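Working notes, beginning with the structure itself.
Protein chains: 2
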Amino acid sequence: MEKLQKIDYYKKLGLKITPQRLAILEYLENNREHPSAEDIYNALKERFPSMSFATVYNTLEVLMEKGLIKEIGIDSSKKRFDPVVHPHHHFICRKCGHILDVEKDFDIIIPQELSECKILDFQVVFSGLCPECKED
Amino acid sequence: MEKLQKIDYYKKLGLKITPQRLAILEYLENNREHPSAEDIYNALKERFPSMSFATVYNTLEVLMEKGLIKEIGIDSSKKRFDPVVHPHHHFICRKCGHILDVEKDFDIIIPQELSECKILDFQVVFSGLCPECKED
DNA sequence: CTAATTGCAAAAATTTTGCAGGACT
DNA sequence: AGTCCTGCAAAATTTTTGCAATTAG
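Residue numbers (numbering that gives the first Met the number 0), protein chains in the order written: chain L, 0 to 135; chain D, 0 to 135.
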């Protein structure tokens, strides 16, 4: 999407566009590492030396409310965020913590035991060793 | 398993059996709520008023090394632990955080894009609203 | 102009660590 | 007896919050 179109799009969602927010959005969009709040903070503090964690967390929360990003509960040591909100799956390396996207579709039948629940989503999480770590 | 047999079993794994460890193991075995370290601490501090978090975390780590429990990375706000170590799946309620076990077997074909990885495990995580929360 | 956002600093929540004394085998 | 474990307290990590100053619309 063109940059101006994007800003319009965000505005239509009711987001106030600040330079910090744009930078966070842009960082997320160009990053497939599923960054944590700290990753984002570190990546942007050069361009915005005065930016605080409050802004990062605040922005992440607003972006989640608007459905532009998702929190992925895979890395139990910290929250990580994903700008790819369509249903997809993940692989996490047990050694280095690297998370890879898995775009394949799986044919999952909702099991009987969850018939009383309202299922909104599911994801498959693979775990093991990534190509780099399996060599060591 | 009989209590004495269990103690023998733990000893054979090289675990030193202390009253605190036995209590933590027992608590985990009889609890299908996927408790956090704090849940365990709170549940046991009546019986062991002097017990500290260090002991809870230390014990959890030892139990994980021995393969008696697993850490489940589903609730991104805190680590939660599962004494059911055979492969199985989960449902988490987006509202109350309740985690349910899903014992069904899913036929998952390891996708092409992970062929370079060593896959050790996978789990399906459903999310939505549990029977109680979907009424509100 | 008004309401929302930022930055700061303090606090809360969760997890980890060092170490002295105590318990298990 | 020797090693491992416990408990305490302090520290490290991650996330949240209150508030005054600033900025976007």
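Glycine included, each C-beta is placed from N, C-alpha and C at the ideal position. Quick caveat, the model's predicted, so the values are computed rather than measured.
By the three-class DSSP mapping on this structure, what secondary structure does residue i have?
i        : result
Lys94/L  : coil
Arg20/D  : helix
Phe80/D  : strand
Asp100/D : strand
With C-beta atoms as the reference, is residue i less than 8 Å away from residue j?
i        : j        : result
Ile98/D  : Ile68/D  : no
Arg93/D  : Gly66/D  : no
Met50/L  : Gln4/L   : no
Pro110/L : Val101/D : yes
Phe90/D  : Leu27/D  : no
Lys15/L  : Lys117/D : no
Val55/D  : Ile39/D  : yes
Ile58/D  : Ile23/D  : The displayed chain sequence assigns Thr, not Ile, to residue 58/D. Contact flag set, yes.
Lys2/L   : Ser75/D  : no
Since residue i is in the beta strand (DSSP E), which residue starts that stretch and which ends it?
i        : result
Val124/D : 117–128
Lys69/D  : 69–71
Asp38/D  : From DSSP, Asp38/D is part of no beta strand (DSSP E) but of the alpha helix (DSSP H) over 36–43.
Asp135/L : Where Asp135/L is concerned, there is no enclosing beta strand (DSSP E), given that its DSSP letter is neither H nor E.
Asp74/D  : Looking at the DSSP string, Asp74/D is not in any beta strand (DSSP E), and its letter there is neither H nor E.
Roughly how many whole angstroms lie between the Cα atoms of residue i and residue j?
i        : j        : result
Pro32/D  : Ala36/L  : Per the sequence shown, the amino acid found at residue 32/D is Glu instead of Pro. Going from the Cα of Glu32/D to the Cα of Ala36/L covers about 28 Å.
Ser114/D : Ala42/D  : 44 Å
Pro137/L : Gly96/L  : Look at the range of chain L in this structure, 0 to 135, and you will see that residue 137/L is not part of it.
Asn29/L  : Glu45/L  : 17 Å
Glu112/D : Pro82/L  : 20 Å
Lys10/D  : Pro34/D  : 24 Å
Glu60/L  : Lys103/L : 28 Å
Glu64/D  : Tyr8/D   : 15 Å
Thr17/D  : Phe105/D : 39 Å
Leu12/L  : Ala53/L  : 21 Å
Asp135/L : Ile6/D   : 36 Å
Leu21/L  : Leu62/L  : 11 Å
Glu25/D  : Glu25/L  : 49 Å
First and last residue of the alpha helix (DSSP H) that includes residue i?
i       : result
Asp7/D  : 2–11
Met50/L : Here Met50/L belongs to no alpha helix (DSSP H), and DSSP marks it neither H nor E.
Q. Should the stretch 69–89 of chain D be regarded as contacting the stretch 117–131 of chain D, the criterion being three or more beta carbon pairs within less than 8 Å?
A. yes
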